[in-house]
Every structure is written in structure tokens, then in C-alpha cells.
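Peer 1:
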Amino acid sequence: EAQVTQNPRYLITVTGKKLTVTCSQNMNHEYMSWYRQDPGLGLRQIYYSMNVEVTDKGDVPEGYKVSRKEKRNFPLILESPSPNQTSLYFCASSYRGLGTQYFGPGTRLLVL
Amino acid sequence: GQQLNQSPQSMFIQEGEDVSMNCTSSSIFNTWLWYKQDPGEGPVLLIALYKAGELTSNGRLTAQFGITRKDSFLNISASIPSDVGIYFCAGTSNFNKFYFGSGTKLNVKP
Numbered sequence: 075e076a077q078v079t080q081n082p083r084y085l086i087t088v089t090g091k092k093l094t095v096t097c098s099q100n101m102n103h104e105y106m107s108w109y110r111q112d113p114g115l116g117l118r119q120i121y122y123s124m125n126v127e128v129t130d131k132g133d134v135p136e137g138y139k140v141s142r143k144e145k146r147n148f149p150l151i152l153e154s155p156s157p158n159q160t161s162l163y164f165c166a167s168s169y170r171g172l173g174t175q176y177f178g179p180g181t182r183l184l185v186l
Numbered sequence: 028g029q030q031l032n033q034s035p036q037s038m039f040i041q042e043g044e045d046v047s048m049n050c051t052s053s054s055i056f057n058t059w060l061w062y063k064q065d066p067g068e069g070p071v072l073l074i075a076l077y078k079a080g081e082l083t084s085n086g087r088l089t090a091q092f093g094i095t096r097k098d099s100f101l102n103i104s105a106s107i108p109s110d111v112g113i114y115f116c117a118g119t120s121n122f123n124k125f126y127f128g129s130g131t132k133l134n135v136k137p
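For the protein sequence lines, the chains are A and B, in the order given.
Here the first sequence stands for residues 75 to 186, where the numbers follow the working numbering.
Here the second sequence stands for residues 28 to 137, where the numbers follow the working numbering.
1) Between which two residues does the beta strand (DSSP E) containing serine 123 of chain A stretch?
2) Counting only the same chain and skipping the five closest in sequence on each side, list residues whose C-beta sits under 7 Å from that of arginine 96 of chain B.
3) On a Cα-Cα basis, can you pick out the residue from A:Ile86, A:Thr79, A:Trp108 and A:Cys97 that is closest to proline 157 of chain A?
4) Select from the stretch 148-176 of chain A all residues with a C-beta closer than 9 Å to any C-beta belonging to chain B, and list them in chain order.
5) Using 8 Å for Cβ pairs, my map puts phenylalanine 122 of chain B next to glycine 173 of chain A. What's the rounded Cβ distance?
6) Can you confirm whether lysine 97 of chain B, when its beta carbon is compared against all beta carbons of chain A, has any partner nearer than 9 Å?
7) My output table needs one value for glutamine 41 of chain B: the three-state DSSP class, helix, strand or coil.
8) I'd like to know if threonine 58 of chain B contacts chain A, where contact means its C-beta is closer than 9 Å to some C-beta of that chain.
9) Can you list, in chain order, the residues of the stretch 111-139 of chain A whose Cβ is nearer than 8 Å to any Cβ on chain B?
10) Residues in its own chain within less than 6 Å of asparagine 102 of chain B by CB, not counting five upstream and five downstream?
11) Asparagine 123 of chain B touches chain A at which residues, Cβ-Cβ below 8 Å?
What follows is the structure in C-alpha cells.
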């Protein structure tokens, strides 16, 4: 089944404790992206990757890091989480140049 | 970043009614996309529009890419209870950076 998976689905952590949210897709998509969703703000793009080893900033990259060492995986790293990073995070992937992104199920993060 | 204004923010309608929502941008986009999000899930693509003036249907859903390339519209005809959810518009100029509206929450009374 074609899908985008994210782990964990729910995470509660404390300020400053490094964490990684994993994202994996099985559709051989070149393009992958991370978004955060906050009430009343819709989805805002954090980082995206056009292919392996090629990443760039979205609209709200501060406090986040990404890496793309393999085509199928695109982890999101929060080196020192803060409470304002409490949010619902989505990973998405697509064939490059199409825009028709497939979204993962989301990761709900609470930073205390 | 770019601002997409999506309206209305929420709608309460009776089953069988038609629904319209729209999205405007301060900048030109080459592609407009409409997504639906059910509770606890990620957005799912409904319709993609690639050309100014384009009108595209997907079942009871019809979307249009505005002539100015700064707006898009989504219509749902004869709504049913499973149409309940949040609808998002999104725009992109280069298929790398995507900008989303704040969403329209649709409630349908049986």
C-alpha cells in the first residue's frame, strides 16, 4: 500500500531535550516536505527536500533541522525544543514537479 | 511568507445544500490545490489546478483556477454528511514551496 508513515504519532517532551520525528515513504517520491499545523493558521511549511542531499527552508524553519540521506526517509530534528514548537506535524511526499503531495497521519508534539 | 486568505472560516449547512469557498493570494501561483482533512488524519488531495481559468471536477466537487492566478474557488454540490471536515486551499509557484490557507471547517446537518 502506498503510504507516508510518521513516528511517533504522539510525543510529550520537555524543553531542551533533543528529539527526532521520522518520516518514510514507499512511493519512490523525489520530493518530501515537513509542515506544522496550528489552530487558525493552516499548514506552514518548515523544510522541504527536492531529492537526496538537497534540502531547503520553508516558511518557518527556525528551531528545526532536517536531513535527506536516503530517498525514502526525511527525519525532522528538534535539537532544543521549546514550548512554541508544540504543534501537529505532517510529513508529505510527491513526485517532483507535480505538487500532488501525499500526507502522513501526523505527529502531535507537546513540549512542556 | 505569503498569505492565503481562505473564506469562510466555517460553515453550517443542511444536507443537500451546495457549498462554496474561496481562497485569495497576494501573489501569483502556477498551481492551486484543494485538500480535505478529516479529524485525526492528514490532508488528502481533492483537486489540482494547473492553468489559469481551468475548471476541474471530481464527482460533486468543482474547483476553478482564477484568471488573475491569485484566487481559486471550490464548490461542493448536494452536500452529504461525509463531506464534514476541514478544506484547505494551497498554492505554489515552483512545486517546492507551498502555501496553505487557514482552512474552511464544514459542518453538515443530516
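C-beta: ideal position from N, C-alpha, C; glycine also.
Here the structure is a predicted model, which is why all the values come from computation and not from measurement.
Peer 2: Put simply:
1) 116-125
2) Ile55, Phe56 and Ala79
3) A:Ile86
4) Phe164, Cys165, Ala166, Ser168, Arg170, Gly171, Leu172, Gly173, Thr174, Gln175 and Tyr176
5) 5 Å
6) no
7) strand
8) yes
9) Gly114, Leu115, Gly116, Leu117, Arg118, Gln119, Tyr122, Met124, Asp130, Gly132, Asp133 and Val134
10) Ser47 and Thr89
11) Tyr105, Tyr122, Met124 and Asp130
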